[in-house]
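Start counting the sequence shown at 3; every next residue gets the next number (our numbering).
Built from N, CA and C at the ideal position, the CB exists for glycine as well.
Note that this is a predicted model, so its numbers are computed, not measured.
Heads up: the structure comes next, in structure tokens.
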Amino acid sequence: MAESIRRLATQRGAEKSICPSEVARELGGESWRGLMRPVRDTAMELARQGEIEVLRKGKPVEPGEVRGVIRLRIAAR
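Pasting the structure below:
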């Protein structure tokens, strides 16, 4: 799951973001909805490690402050 997040975010580039549902759909096929919580949890861990950024309304937010709809992008190196 972490690898899928990293790969999709890297492919999209540092200027663009991905939706967590893109990862869930890739991994879960038609039963992707059940993967949304694990994808978000994995994304939060990657954000805490500095690998990705979590965005809310286009602005970076701290992983512990995330509420509602989010997007993910690869962290600037």
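Three-way DSSP call (helix, strand, coil) for residue i in this model
i: Val41; result: helix
i: Ile72; result: coil
i: Arg79; result: coil
i: Glu24; result: helix
i: Glu32; result: helix
i: Glu53; result: coil
Residue j beta carbon less than 8 Å from that of residue i
i: Lys18; j: Arg79; result: no
i: Glu53; j: Ala16; result: no
i: Leu57; j: Ala4; result: no
i: Arg69; j: Cys21; result: no
Closest residue to residue i among the options (Cα-Cα distance)
i: Arg9; options: Ala45, Leu37, Arg35; result: Ala45
i: Val41; options: Ser23, Arg50, Glu55; result: Ser23
**Item:** Cβ contact (3+ pairs, closer than 8 Å) linking the region 60-69 and the region 20-39
**Value:** Segments in contact, no.
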